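Asker: Going by the numbering used here, 922 is the number at position 50 of the sequence shown; the sequence numbering is gapless. Using N, Cα and C, we set each Cβ at its ideal position, and we do this for glycine too. Nothing here was measured: the structure is a model prediction, and the numbers come from that model.
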Amino acid sequence: MHIKRLLIVFVLGALLIPYSALAQAPEIKRGGPRCRLPESNAVGLEILSNYYPGYWWDHTNLTIAVQAHPSATPAQLEAIHSAIAIWKNVFDVCFDGSITLTNVTGQKNPRRAIDIILHYVPNAGGVVFGGYAICGDHKCPNILVRSDLPPSLNLPPYDPEYIGWVTLHEVGHAFGLGHTTNLLESTDIMGYGWPDLGNPVLSDCDVDALRFVFAWVFDGSASPHEPGQGPYVCSPN
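The structure is reproduced here in structure tokens:
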């Protein structure tokens, strides 16, 4: 397994187009009851609220902010913010305003008002993780994304593209998506098969699983409720 994959562990916690293009116009098509993204080889997705009480959202106007180490380069920051923009675009197109994601980085918002906080810390994690999402009761205040590997590994830092992929994966956890059930074989963005088996794919199943996580928004419920029992099984088109 690729060393980078080993460093991205799950601790509560078809991007084949350049980030700039994805952020502006991802390959998402409206159609029928759902939008259509590329298929991945995910068999299913775990639902994190099944394992961690309160790990779901009771509101739909989600906010996210990035707190980056002063040494962060423009390219690294662009990768992180572009990954957030990709998720925002998916929400806008696929849920048509029913669920929104707003990047409030740099705004004068009190910390407690931000739903998801992503910390870019170059040397966080040691040999343990490359990305880490610590989420709890209707909040996710501590996503860690790193880039610099321990000197003992004698490996170069993650490049911006890889940092963006890790960001996509960890923010997916923040929304309530777990890993793919075929974890090591799947190149879905929520799997661990990438990059060894190919570039990661933000897939139709990821969006369908989000709809499952936010079922209370779409099922006419009078009040928010936790998602049903997973895993969510991916269905081919």
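Distance check for Gln-979 and Cys-1012, CA to CA, integer angstroms please.
Answerer: Approximately 18 Å, taken between the alpha carbons.
Asker: If you measure from the CB of Gly-1092, is any heavy atom of the ligand ADP nearer than 7 Å?
Answerer: This structure lacks the ligand ADP; in fact it carries no ligand of any kind.
Asker: When we look at the beta-carbon of Gly-1100 and count the other beta-carbons within 10 Å, is it buried (16 or more) or exposed?
Answerer: Its Cβ having fewer than 16 others within 10 Å, Gly-1100 is exposed.
Asker: So, is Tyr-923 buried or exposed, given that buried needs 16 or more other C-beta atoms within 10 angstroms?
Answerer: Exposed: under 16 other Cβ atoms inside 10 Å.
Asker: Return the Cβ separation of Trp-928 and Glu-1098 in integer angstroms, given the expectation that the two are a contact with Cβ distance under 8 Å.
Answerer: Between Glu-1098 and Trp-928 the Cβ distance is about 5 Å, and since that is below 8 Å, they are a contact.
Asker: With DSSP run on the structure shown, which of helix, strand or coil describes Glu-918?
Answerer: Strand at Glu-918.
Asker: Who does Asp-1060 pair with in a DSSP beta bridge?
Answerer: Paired residues: Val-1073.
Asker: Whole angstroms is fine: what's the gap from Val-976's alpha carbon to His-931's?
Answerer: When rounded, the distance between both Cα atoms is 17 Å.
Asker: For Gly-1065 and Glu-1057, which I take to be in contact (beta-carbon distance under 8 Å), what is that distance rounded to the nearest angstrom?
Answerer: Between Glu-1057 and Gly-1065 the Cβ distance is about 5 Å, and since that is below 8 Å, they are a contact.
Asker: Who are the near neighbours of His-953 in its chain, counting only those whose CB is closer than 6 Å to its CB and skipping five residues on each side?
Answerer: Once the five neighbours on either side are set aside, His-953 has no close Cβ partner at all.
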